[in-house]
Ligand SMILES: [Zn+2]
């Protein structure tokens, strides 16, 4: 059971448990297909490009860009007060994941903004969130 002070948390299964264990060790890990070398998230039973079931975990840089985002100005869960940003992050290595952009004002988040992973401990989980790579932003 959860209460109002506990945010919704991941529910790992046999496929996603290694991802969350890597996060706990401050490593961002994706799945690498052994057949076609495609890198992907979320973890799954087979490569979404060639359907091979042969894959290995690969640690990535944790750097990427904001592919798209939404700025929430309404509180849907008491443990997650507005405003907050839910973003689709495209890692430099290719895979995309849904996360939050933190470490700056929500109004400062932009598409193509350079970000890097920042691991945050929340109620026994370590969540990969993203913060601006530079304070100044803009082209680099
Ligand atoms: Zn593949």
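Numbering (the working numbering), first residue to last: 1497 to 1636. Virtual Cβ for every residue (Gly too), placed ideally from N, Cα, C.
Neighbour flag for residue i against chain C, beta carbons, 8 Å
i            : result
residue 1502 : Any reference to chain C falls outside this structure, which holds one protein chain only.
In DSSP terms, what residue i is bridged to
i            : result
residue 1564 : 1584
residue 1513 : DSSP, once it has assigned bridges, lists no residue as partnering residue 1513.
residue 1628 : 1611
residue 1553 : 1527
residue 1622 : 1617
residue 1593 : 1585
Residue i, DSSP secondary structure in three states
i            : result
residue 1523 : coil
residue 1559 : strand
residue 1616 : strand
residue 1575 : coil
Whole-angstrom C-beta distance between residue j and residue i, which should lie under 8 Å
i            : j            : result
residue 1556 : residue 1510 : Contact flag wrong, Cβ pair sits at about 22 Å.
residue 1576 : residue 1626 : Between residue 1626 and residue 1576 the Cβ distance is about 16 Å, and since that is not below 8 Å, they are no contact.
residue 1506 : residue 1615 : 13 Å between Cβ atoms; not a contact.
Cut-off 6 Å between Cβ atoms - residues of its own chain near residue i, not counting five sequence neighbours on either side
i            : result
residue 1561 : 1586, 1608, 1610
residue 1574 : 1500
residue 1598 : 1625, 1627
residue 1612 : 1558, 1559, 1629
Beta-carbon proximity list for residue i, same chain, < 8 Å, skipping 5 on both sides
i            : result
residue 1529 : 1535, 1536, 1543, 1545, 1546, 1548, 1550, 1551
residue 1514 : 1525, 1539, 1553
residue 1605 : 1562, 1565, 1567, 1581, 1583, 1597
Could you please go through the chain and list the residues whose beta-carbon is closer than 6 Å to any non-hydrogen atom of ligand 3?
Here the bound small molecules are ligand 1; ligand 3 is not part of this structure.
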